[in-house]
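A.B. asks: FYI, the UniProt record's numbering numbers position 32 of the sequence shown as 32, with every residue one higher than the one before it.
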Amino acid sequence: MSTDQQESVRELDVRDVEGEPFGQIMDALDSVSESEALRLVNSFEPVPLYDVLTRKGYQYDAEQVADEEWHVTIRPE
């Protein structure tokens, strides 16, 4: 019997959002439980977001998966 827990990952794609997606990102994070992660899909690396995430107690992993596609997986600490 495996003791690995399957992590639930929600995805939020903000590439087509008009204007600043910060509010949508924060709303999505508010709805993520301790056992979930949020995968943010963006057209650029959202470096300014990292300080906010750190201050709010989130961990994140960023990965560039294509020329204009970044995936940032965010988890509660």
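Glycine included, C-beta positions come from ideal geometry on N, C-alpha and C.
If you're wondering where the values come from, they're calculated on a predicted model, not measured in any experiment.
1) Would you mind stating whether S43 and R15 have Cβ atoms separated by less than 8 Å?
2) Take P48 as the anchor and find which of P76, L12, V72 has the nearest alpha-carbon.
3) Looking at E7 and A28, is the spacing between their C-beta atoms short of 8 Å?
4) List the endpoints of the continuous alpha helix (DSSP H) containing D51.
5) Hey, E77 and Q64: beta-carbon distance below 8 Å or not?
6) Rounded to the nearest angstrom, how far is the Cβ of E11 from that of R55, given a contact under 8 Å?
C.D. replies: Checking against the coordinates, here is how it stands:
1) In this structure, the beta-carbon distance from S43 to R15 falls below 8 Å.
2) V72
3) no
4) 47 to 55
5) no
6) That pair is no contact at about 24 Å.
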